[in-house]
Each structure stands twice: as structure tokens, then as C-alpha cells.
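**Student:** What follows is a structure written as C-alpha cells; I'll ask about it next.
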Amino acid sequence: MSTGIKRPSGWLQQHYDKLALLVLLVALIGSAVVLALGVQGETATQASPSSLDAVNPIAAAPVTTEKFDAVLASVQQPFQAGVDVQRMLVGGLRVASIPDGIPIPYEALVCPFTDAVQPPIRTITERDDDADGMPNVWEEKYGFNPYDHADASADPDGDGFTNAEEFGYDTDPSDAASKPPLVVKLRVAKTAIEPFKLRFLGVNQLSAGDVYQLNARNLSQTYFPAMGDEVEGYTVIGYEPTPPEGLPVLILQQGDKIKRLVQGQVVDEEALVAGLISLVDGRRYTVRIGDTISLEDTEYKVFDIRKDRVVLRMKGDEKEIPITMMSPNDRTSQVESSAL
2 MSTGIKRPSG WLQQHYDKLA LLVLLVALIG SAVVLALGVQ GETATQASPS
52 SLDAVNPIAA APVTTEKFDA VLASVQQPFQ AGVDVQRMLV GGLRVASIPD
102 GIPIPYEALV CPFTDAVQPP IRTITERDDD ADGMPNVWEE KYGFNPYDHA
152 DASADPDGDG FTNAEEFGYD TDPSDAASKP PLVVKLRVAK TAIEPFKLRF
202 LGVNQLSAGD VYQLNARNLS QTYFPAMGDE VEGYTVIGYE PTPPEGLPVL
252 ILQQGDKIKR LVQGQVVDEE ALVAGLISLV DGRRYTVRIG DTISLEDTEY
302 KVFDIRKDRV VLRMKGDEKE IPITMMSPND RTSQVESSAL
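Heads up, the sequence shown is in the numbering used here, so the first residue is 2 and it goes up one at a time.
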């Protein structure tokens, strides 16, 4: 019995696989040729002039080049920043808002996030980097250091007035002949409360006319003035036996001040009196509201007295001149001047 594999007999049996593959290849090539001929015929049909004729033509607006020309012009002439603009494409200057510290544009007068009103913008003429009260422009004009606040108290021309005082009155700090008025050197040494010293007790009807009894507040002295008489700087100008206050009232006047003294009542109204001192010559003045003092032939009226300052007005001028309290440096200079 034979166990070997029986080989196929005949040429067809031996080359069947190859023949089938050849037939399949011929079929594929034929299909490709047919497809190519079909595509070529379709393309020729679509490209024929007759196929391009419009069936229902629609009128179109003529083509313009305005937009194209505008874009072309902007490209040919691009925007250029001026020579004074240094930021170029850097973001705008921002500052911290008040009081929240939010970054906002430097020019903003109101915070766009919180609607909080911001401090006013300072111009170049108002800039004061050392916060000494003298703008940079003014300091640079006279050769001072705009970043050193110590020069505010300097006196380069030796006229007795500081640079800050010269700036305040627009005088030349380098010229001793150009200096502020002497009132600049006035200081408030102290203020005190001065109670009204008179008390109205009653009226005495005499044949020669009525007289009014006034006692000193401390009862140390009694006055009996008639209408028009003066007592302690006050003039008796009126008497009301049945006033709105209910009790009789005696009316006194001193300058522009009017005092209404109700019979038997202590006047609780208190007035401030101030002691002024000149840093130039050490001269002292005791003033009340309405008083007048004279400095270098110029008269000043005491307009107001407060606990920390006195307000003067030059005669014929409504401008207020604040006189501040003496500083420790002022007191030291006064002691040194007295020692000399």
C-alpha cells in the first residue's frame, strides 16, 4: 500500500491558480479602460460651449473695487505713532484706585469698577515729588532739588523767609529785596477761652434817667451805666423790658459784636482770645475777633479765632490769611533769638 501524495496530472491542473489570476488581472485592466473612456466623454460633454449657456440669466450689479482700494491704501500708508509717544504698543498708564487699589486708567476721575471719585489729576506745573509744598517746576527754576523736602525751610537769600514762604507769595528766593509781607512771620503762641465778664442785674429808675446795674462776673465790681455809656469796652445801646426771652434784656455793643444780657442770668457764651508772636522781632499781640493789628503800615483785622489758628484779613481785601500755631522749630528759634 502506497502512502505518498498524488500529484495532479495535466498542464491545466498544474497551472490553474496562475491562469485564474491572469484572467482576473485582464478583467481589472478592461474595467479601468472602460471607466477612463467614460470620464473623458463626460468631461468633453460638460466643457462644450453649448452647455455653458445660461438658461435663465439674472442681471448682476457691476463689480466695484472700492473696498479693495481702501484696504490697499491702508496697507500702503500704515498708522505710525508720533515721536512723542514712547509706549508704542505697551498698555496705557494705570494707577491704584482710591480706596480699593484696583488698577484703573491714570486719567480716570471715577473708578469704573466702584464709581468712587478719584483725586484730581495733577498737571506738570502742580507736580511736587518731595511733597514740600513747592512744585518741581518752581524748585528747578531757582536751582533747588525737587526730590529733597528739606529745602522748603532753607533761606538762601538770607531775608528771614523760607523758600516755602517765598513760593506762597510769589517772591524771588534768591533776592533779599524780594520777600513776602511780615504777616507771614506771625504765629499763634496760644489760644484761651475768655468768658464774658459782665452780668445784668436790674434797672434803677432815677429822675435824671434810668441806669442799669452791671456786675463783674466774679462780683468784684459793680457798674451803673446809663444809655450810651461804655463799660469794659462795651457800649449800652438798648433795653427791652418785655423781650421774647421773657425777662428784661440789656443790649451791649462792641464793634460788630452784639451782646444780649438777660436780667439775672450768667452769660454762658465764651469767646476765644489769641496770643500772636512775630518770629522776626518777637513782638507779641493779644487779639480777639474784630481787633485790628498793624504790620509794616498794613492793617489786618482778626476775622476768626479757632483753637489751632487765627484768621486775618488785610484791610480792603477779603482774602483770608491763616496764622498757624508755633511749631517746635519756631519755639526753638525764638529761644535762640532771645539768648542772643
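Just so it is clear, CB atoms sit at the ideal spot from N, CA and C, and this is done for glycine as well.
Since we're looking at a predicted model, the values are computed, not measured.
Give the secondary structure of Ile322 by DSSP, where H, G and I count as helix, E and B as strand, and everything else as coil.
**Tutor:** Correct three-state label for Ile322: strand.
**Student:** Quick check: the Cα distance between Glu241 and Leu262, rounded to an integer number of angstroms?
**Tutor:** Cα to Cα, Glu241 sits roughly 10 Å from Leu262.
**Student:** Rounded to the nearest angstrom, what separates Ile30 and Leu36 at their Cα positions?
**Tutor:** Distance between the alpha carbons of Ile30 and Leu36: 10 Å.
**Student:** Decide if the region 248-258 is in contact with the region 187-195; the criterion is three or more beta carbon pairs, one per stretch, under 8 Å apart.
**Tutor:** With a cut-off of 8 Å, the region 187-195 and the region 248-258 do not count as touching, because too few Cβ pairs lie within range.
**Student:** Using only alpha-carbon positions, find the residue among Phe197, Ile238, Gly239 and Val250 that is nearest to Asn219.
**Tutor:** Per the Cα distances, Phe197.
**Student:** Between the C-alpha atoms of Gly102 and Ser75, what's the straight-line distance to the nearest angstrom?
**Tutor:** Computed Cα separation, rounded: 41 Å.
**Student:** Which same chain residues, not among the five before or five after Asp309, have their C-beta less than 7 Å away from its C-beta?
**Tutor:** Cβ neighbours of Asp309 beyond the five flanking positions: Met326.
**Student:** Does the structure place the region 118-135 close enough to the region 144-161 that three or more beta carbon pairs sit under 8 Å?
**Tutor:** Contact between the region 144-161 and the region 118-135 is present, because at least three Cβ pairs lie under 8 Å.
**Student:** By a C-beta neighbour count over all protein chains shown, 10 Å radius and 16 as the cutoff for buried, is Phe145 buried or exposed?
**Tutor:** It counts as buried.
**Student:** Tell me whether Ser334 is buried or exposed, calling it buried when 16 or more other Cβ atoms sit within 10 Å of its Cβ.
**Tutor:** Per the 10 Å Cβ criterion, exposed.
**Student:** Could you tell me if Glu167 is buried or exposed, where buried requires 16 or more neighbouring beta carbons within 10 angstroms of its beta carbon?
**Tutor:** Buried: at least 16 other Cβ atoms inside 10 Å.
**Student:** The beta strand (DSSP E) with Val312 in it runs from where to where?
**Tutor:** Arg310 to Met315 is the extent of the beta strand (DSSP E) around Val312.
**Student:** First and last residue of the alpha helix (DSSP H) that includes Asp70?
**Tutor:** It spans Glu67 to Gln77 - the alpha helix (DSSP H) in which Asp70 sits, taken as one unbroken run.
**Student:** Using the C-alpha atoms, what's the distance from Leu251 back to Tyr235?
**Tutor:** Looking at the two C-alpha atoms, the distance is approximately 12 Å.
**Student:** Quick one: give me the first and last residue of the beta strand (DSSP E) that Asn205 is part of.
**Tutor:** Leu199 to Leu207 is the span of the beta strand (DSSP E), which, as asked, contains Asn205.
**Student:** I'd like to confirm the pairing. Which residues does DSSP put opposite Gly144 in its beta bridges?
**Tutor:** According to DSSP, which records beta bridges pairwise, Gly144 is partnered with nothing at all.
**Student:** Buried or exposed for Val303, going by 16 or more other Cβ atoms inside 10 Å?
**Tutor:** Val303 is buried by the Cβ-count criterion.
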